[in-house]
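In order, the protein sequence lines correspond to chains A and B. The first sequence begins at 953 in our numbering and counts up by one. The second sequence begins at 953 in our numbering and counts up by one. Ideal Cβ placement from N, Cα and C applies to all residues, glycine included.
There are 2 protein chains.
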Amino acid sequence: MTKLSNSFKKIQSFYDQKKRMPSYSEMAKLTGVSSKNAVYKMVERLCGLDLISKDETGRLIPGKSFQGVRLLGYVEAGFPSPAEEELSDTMSMDEYLIDNKEATFMLKVKGDSMIGAGIMPGDMVLVERGREARDGDIVIAEIDHGWTMKYLHRRNGKIILMPANPKYLPILPKEELKIAAVVKAVVRKY
Amino acid sequence: MTKLSNSFKKIQSFYDQKKRMPSYSEMAKLTGVSSKNAVYKMVERLCGLDLISKDETGRLIPGKSFQGVRLLGYVEAGFPSPAEEELSDTMSMDEYLIDNKEATFMLKVKGDSMIGAGIMPGDMVLVERGREARDGDIVIAEIDHGWTMKYLHRRNGKIILMPANPKYLPILPKEELKIAAVVKAVVRKY
DNA sequence: AGTATAGGTGAACGAGCGTTCACCAGTCAA
DNA sequence: TTGACTGGTGAACGCTCGTTCACCTATACT
């Protein structure tokens, strides 16, 4: 554990708590040095490593690999050794899952009608409004004054809402069918 | 759309891009007013709504409902109308999914051995290292020089690794069994 | 007509910012 | 032993920060 990466972790956890970067003086206190210039040089080093950046006004902003969790390989291909972890990429969940924050909503799944698609009751789904639903998408649809989540299929001009559970029957909407949102992601927490 | 919430959105998207709050002068440019004091009063109003906060040094930090996506109700209980959306809570994916960033890793699932638990091939799992595995947890385990993801069960002192797919057989480790990590969440993107 | 009130202007204040300077103590290779 | 380098101190610089002041509109409500 180098001193540099130790200081970086302190800065990282400061940002996690406050959602802003510490000033140079604050970093001096965090890292235990008593001169702003020592910090300044350290920040320059961190900028070189792309861990921290500066915007056009000189203010500090988190660098590319600042936020998020480390991304590893495949689970069946083996779990990396501690040495390999150093090289791994990082990824923020928010960035990974959300394209358009304004139109994205999270909602909780009730019922088991999509269990065959790996969506269990109690899961959270991230849905995006105003996006065009394509054949095979999972959608939130209004059907006969109620809302359901189903696969959307188009068969020669007609729309079919397919559950992913043999217990339930496909829905052939008679008249009104409003697609409220398209399911973009599923999230389950244990 | 009030002017206040319009300005707030500009600030929000500034933060999204730069990962820091704009200064009062920057906000003045963003919102089109020409006096810092006008911005100051606006920020006070936003602080009252908990959209923006100040830390102990007076610097601005994002408020509680600043980041993340809006959280809605149950999907089968109905999709809220636009009016209801105003009242909804918000939630950051990072905060929701990650407790201990240092020990959390993301890895991609290969194979269908946990399909019964709603974990499909290609899904991402968030795993946490160094956490004690309890009975019923899904774990990443080293078994006979390989790594797998399985349910962990304890039966009178013995450990069984259970797949969630009838195609595969439970694993009764003979000797060495190292639990590398516990699966905390599953994420699937469409 | 009168008058609160919400929201804006423009100037001012001290404090703290990011940055730079000159200098110093160790470490390591030549 | 010398000399270059790395990482630190402490003081200084101009600039921008957050904040406050007095004053200025409009609109809304008696």
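Below 9 Å between beta carbons is the criterion; list the residues of the stretch 1063-1096 of chain A that meet it against any residue of chain B, in chain order.
-> G1063, S1065, I1067, A1069, G1070, I1071, M1072, D1075, M1076, V1077, L1078, V1079, D1089, I1090, I1092, E1094
Listed in chain order, which residues of the stretch 1119-1139 of chain A have Cβ atoms closer than 7 Å to some Cβ of chain B?
-> A1132, V1135, K1136, A1137, V1138, V1139
Touch check for the stretch 1063-1072 of chain B and the stretch 1043-1055 of chain B: three-plus C-beta pairs under 8 Å?
-> no
Ignore the nearest five residues each way along the sequence and tell me which others in D1041 of chain B's own chain have a CB closer than 6 Å to its CB.
-> L1023
Could you give the distance in angstroms between the alpha-carbon of P1125 of chain B and the alpha-carbon of Y1120 of chain A?
-> 40 Å
If we cut at 8 Å on Cβ distances, does P1014 of chain A have a partner in chain B?
-> yes
According to the neighbour-count rule (16 or more other Cβ atoms, all chains shown, within 10 Å of its Cβ), is Y1103 of chain A buried or exposed?
-> buried
Endpoints, the alpha helix (DSSP H) within which S977 of chain A is located | 976-983
For A1116 of chain B, three-class secondary structure by DSSP = coil
Any beta-carbon of chain B closer than 8 Å to the one on I963 of chain A?
-> no
Mind checking Y1142 of chain A: buried by the 16 CB within 10 Å criterion, or exposed?
-> exposed
Straight-line gap, A1132 of chain A to M979 of chain A (C-alpha atoms, nearest Å) | 48 Å
Sheet register partners of T1009 of chain B (DSSP bridge) = T1009 of chain B is not bridged to any residue.
Three-way DSSP call (helix, strand, coil) for D968 of chain A in this model | helix
Given that a residue counts as buried once 16 or more other Cβ atoms are within 10 Å of its Cβ, and exposed if not, what is S986 of chain A?
-> exposed
Taking I1050 of chain A as the query, report the chain B residues whose CB atoms sit under 8 Å from its CB, ordered along the chain.
-> V1021, M1045
How long is the line joining the alpha carbons of Q964 of chain A and F1018 of chain A, rounded to whole angstroms?
-> 7 Å
Taking L1129 of chain B and A1085 of chain B to be in contact with their CB atoms under 8 Å, please state how far apart those CB atoms are, rounded to whole angstroms.
-> That belief does not hold up - the Cβ atoms of L1129 of chain B and A1085 of chain B are roughly 10 Å apart, past 8 Å.
Going by beta carbon distance, what residues of the same chain come within less than 7 Å of F966 of chain B, once the five residues before and after it are set aside?
-> P974, L982
Simplified DSSP assignment, three categories, for A1085 of chain A | coil
Taking Cβ to Cβ, would you say K961 of chain A is nearer than 8 Å to Y976 of chain A?
-> no
Can you pull the chain A residues whose beta carbon is under 8 Å from the beta carbon of G1025 of chain B, in chain order?
-> L1059, K1060
In terms of DSSP beta bridges, what is Y1103 of chain B paired with?
-> B:I1090, B:M1114
Start and end residues, beta strand (DSSP E) containing A1132 of chain B | 1130-1141
In this structure, does DSSP put K961 of chain A in helix, strand or coil?
-> helix
Proximity below 8 Å, CB of C999 of chain A to CB of K993 of chain A = no
Can you tell which of B:K1136, B:G1015, B:I1013, B:K970 has the C-alpha that lies nearest to the C-alpha of E1008 of chain A?
-> B:K970
Can you list the residues of chain B that K970 of chain A reaches, using a CB-CB cut of under 7 Å?
-> D1007, I1013
Three-way DSSP call (helix, strand, coil) for V995 of chain B in this model = helix
Please state whether DSSP places I1054 of chain B in a helix, a strand or coil.
-> This sequence places Glu at residue 1054 of chain B; Ile is not what is there. It is helical.
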